[in-house]
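Protein sequence lines correspond, in order, to chains A and B.
Take the first sequence: its letters are residues 1 to 327, numbered as in the numbering used here.
Take the second sequence: its letters are residues 1001 to 1327, numbered as in the numbering used here.
Ideal Cβ placement from N, Cα and C applies to all residues, glycine included.
The structure displayed is predicted, hence computed values, not measured ones.
Input: a single structure, listed below in structure tokens.
Protein chains: 2
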Amino acid sequence: MADVARRAGVSPMTVSRAFKTPATVSAAVRQRVEEAAAALGYVPNLVAGNLASSRSRMIAAVVPTLANSNFLGTLKGLSDRLRQEGYQLLLTETGYDPGEEAAAVAAVLGRRPDGIVLTGAQHHPSVTAMLRAAQVAVVETWDLHGPFIDMAVGFSHRAAALALGRMVVGRGYRRVGYIDFPHAGVRRFQERRRGVRAALREAGLDPGLVAGVADEGYAGGRSGLDSLLSMAGDLDAVICATDVQAIGVLFECARRGWPVPDRLGVAGFGDYEIAAEVPPGLTSVRTNGRGIGVAAAELILRRQEGGMAAAPVLDLGFEIVSRGSLR
Amino acid sequence: MADVARRAGVSPMTVSRAFKTPATVSAAVRQRVEEAAAALGYVPNLVAGNLASSRSRMIAAVVPTLANSNFLGTLKGLSDRLRQEGYQLLLTETGYDPGEEAAAVAAVLGRRPDGIVLTGAQHHPSVTAMLRAAQVAVVETWDLHGPFIDMAVGFSHRAAALALGRMVVGRGYRRVGYIDFPHAGVRRFQERRRGVRAALREAGLDPGLVAGVADEGYAGGRSGLDSLLSMAGDLDAVICATDVQAIGVLFECARRGWPVPDRLGVAGFGDYEIAAEVPPGLTSVRTNGRGIGVAAAELILRRQEGGMAAAPVLDLGFEIVSRGSLR
DNA sequence: TATGGCTCTGGTATCGCTAACATCGAACCT
DNA sequence: AGGTTCGATGTTAGCGATACCAGAGCCATA
């Protein structure tokens, strides 16, 4: 920076201003500085800048997994919105392991991010403690059951699952099974299970057809269907914790030659891109994953600007998308 | 840090050592420092540390897209391997836009990452210039046609596509179409197209059945199939630039009631998880996406340790996985 | 007992930038 | 003319760590 300043015939402070707040520098000087910087290939060192200003313009995102998940949408929303403001994303995957999450938060905090976006509202106690102490903007995403560390954006998984269950029941299915998520202890998935079972119970149907699965991904749909059929051979519909599992069920039906939606109705959760593509179309819950990311970004940005002492909680809702997999 | 030092009755320098190089501090002192740090909730400020040591322990990854892609595996391999060494990932998506890539590299360089992982070997000239000037470890991934900025890990897309094409031809298909990638200008996809066409040509078949598509994702398979059929109603096999498109073709076949592999043979590229799940199984090229990420991490780490002045180029190869979508 | 080599600890000088305040003309007002 | 305001620039003092060198004990060896 000193070299650039010398070459442009100004002080280092003016160079700094020419980059950070160009409006505060006269046009002539700004141009001289830009030319000097270009000639010398100068790239401002943000590490030093961050240290001096104690603002890093980095946001950390901590997600359970990227594979086959709606978190990608959230991440994309987040990073798109943040990039516009010159922020960057520090990413960590935790594999649904609370210990990993705690380690990730600890590691990331040392870099003094301006904000941290967490997935879910269920954390190791040390995570809560560290983040409270760090005085950093925190957004918990996807789940909406507090208490929250700071801010939150998501929707009610229970309400969504309840609505989906009611739709299945309303279509006349009577022996409805539910395929759980491999990490069934995660609150988000507990809520989904509860919502579905509540819908069955209120219709006087058996809410006991629940299959726990060990397999991740599509394979979970297959093994879940197997275990549901061993519980109830007359099973006529399946609701899955995620679309990926539901697609696995559809594939298994195709393999068995079972017509969907007549032999078996199928519903998923998440409305992944593939839900609209797979024949005969998968009925699912559309969640606003991208919107969650954008909203999280907005909350953090607004907090940076100093306004907003309160800690908002945003419900972005959901929508049931009806397709051919349900009669 | 000064507070911790005071509380532990040592100098700040010793606190620094207790964290960075515990072996150089006596056990008694180390424990006092750890206790003091815990009591005060001290989290070392890596920003300051980075500035002083001019090593950031951050690696930047620049990928075209995360959705429906094999880059996820690479990213995961990269981040898993790096996390073990205490490094973190700075992520940027560019949407297959070279201008965006240049902007991303410029933005990221200011944070002085210890390494940058790029996708492909085709970049805006400014990217090459910036990275050369920055003296940072660079790994170009996936593609293996130089010249490279620094190091590279990938495989030959042409050889893979050639092998896949030969397999299709070997199974007796005679009117073979190819569905291109939406961003057909990307070198990696040019190579795939060339490999397939070379296989067709050497078998004396028409290499002209190539469909360009505009749609991303599964929809591209559907529209690609449409346009191939309008070119050749007697089409008997389709090779796709990616598995996602191939799955789109399989879905369209199911919709039309066309038996696969008899009415139409289908082959994809990438061996995504779904390829093994979708009936009747998708024949595809298995690429070692995760391995590419791990190898890229290793290269950067080794470069950090000071060894390895040379700039290695690693070919991780590929493998054809034969499944039911080809007779 | 003197010497050299260890291991452990401390002091000092940066790393490259920005916050905060100081300065200086020029423009504007009464 | 004098005072006030404002915009553009410069000066100074850190931000919170680490690199580097120096010094203090301690042991083994001759």
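Within chain B, the residues 1047 have their CB atoms less than 8 Å from the CB of residue 56/A, given in chain order.
Among the residues of chain B, those whose CB is under 8 Å from the CB of residue 43/A are 1106, 1109, 1110, 1130 and 1134, following chain order. At least 9 Å separates the beta-carbon of residue 57/A from that of residue 1046/B.
With a cutoff of 9 Å on beta-carbon distance, residue 123/A and residue 93/A are scored as not near each other.
Between the region 1243–1250 of chain B and the region 1279–1289 of chain B there are three or more C-beta pairs closer than 8 Å, enough to call the two in contact. In chain order, 1327 place their CB closer than 7 Å to the CB of residue 1262/B, counting only its own chain and leaving out the 5 sequence neighbours on each side. In its chain, beyond the 5 residues on either side, 1116, 1131, 1149 and 1150 have a beta carbon closer than 6 Å to the beta carbon of residue 1138/B. Secondary-structure assignment with DSSP links residue 314/A through a beta bridge to 153/A. Rounded to whole angstroms, the Cβ separation of residue 1085/B and residue 1301/B is 6 Å, and the two are in contact under 8 Å.
If you ignore the 5 residues before and after residue 1296/B, its C-beta comes within less than 7 Å of the C-beta of 1078, 1117, 1139, 1141 and 1153, all in its own chain and listed in chain order. At a cut-off of 9 Å between C-beta atoms, residue 1149/B does not count as an interface residue with respect to chain A. Contacts between residue 1274/B and chain A, judged by CB atoms closer than 7 Å, involve 218 in chain order. Contacts with chain B at 9 Å (Cβ-Cβ) do not include residue 235/A.
Looking at the DSSP output, residue 1142/B shares a beta bridge with 1154/B. Residue contact check for residue 1164/B against chain A: no CB pair falls below 9 Å.
With a cut-off of 8 Å on Cβ pairs, the region 1314–1321 of chain B is not in contact with the region 1061–1080 of chain B, counting fewer than three such pairs. For residue 108/A, no beta strand (DSSP E) segment is defined; the enclosing uninterrupted segment is the alpha helix (DSSP H) at 98–109.
Excluding the 5 residues flanking it on each side, residue 60/A has same chain C-beta neighbours closer than 6 Å at 90, 108, 113 and 116, in chain order. Taking a C-beta cut-off of 7 Å against chain A, the contacting residues of the region 1242–1262 of chain B are 1248, 1251, 1254 and 1255, listed in chain order.
In this structure, residue 1004/B sits near residue 1040/B, with a CB-CB distance shorter than 9 Å. Within its own chain, the residues whose Cβ lies closer than 7 Å to the Cβ of residue 219/A, once the five positions on either side in sequence are excluded, are 248, listed in chain order. Interface annotation, residue 1283/B: not in contact with chain A, CB-CB separation never under 9 Å. Residue 278/A reaches chain B at 1251, counting residues in chain order whose Cβ is nearer than 7 Å.
Contacts with chain A (Cβ-Cβ distance below 9 Å) from the region 1285–1303 of chain B involve no residue at all. Of the candidates 182/A, 29/A and 155/A, the residue whose Cα lies closest to the Cα of residue 223/A is 182/A. Taking 9 Å as the threshold, the shortest C-beta distance from residue 1007/B to chain A does not fall below it.
DSSP assignment within the region 166–211 of chain A yields the following whole alpha helix (DSSP H) runs of 4 residues or more, N-terminal first: 187–202. Secondary structure note for residue 1284/B: its beta strand (DSSP E) is the uninterrupted segment 1284–1287. A buried status is given to residue 1119/B, since no fewer than 16 other beta-carbon atoms sit within 10 Å of its beta-carbon. Listed by position along chain A, the residues whose Cβ is nearer than 7 Å to that of residue 1067/B are 72. Contact note: residue 1084/B does not reach chain A at a C-beta cutoff of 7 Å; the least C-beta distance is about 12 Å.
At least one C-beta of chain A is nearer than 9 Å to the C-beta of residue 1093/B.
Taking a beta-carbon distance threshold of 9 Å, residue 1090/B counts as an interface residue toward chain A. For the pair residue 1175/B and residue 1267/B, the CB atoms are not nearer than the 9 Å cut-off. Straight-line spacing of the CA atoms in residue 1015/B and residue 106/A works out to 18 Å.
Secondary structure at residue 264/A: coil, using DSSP grouped into helix, strand and coil.
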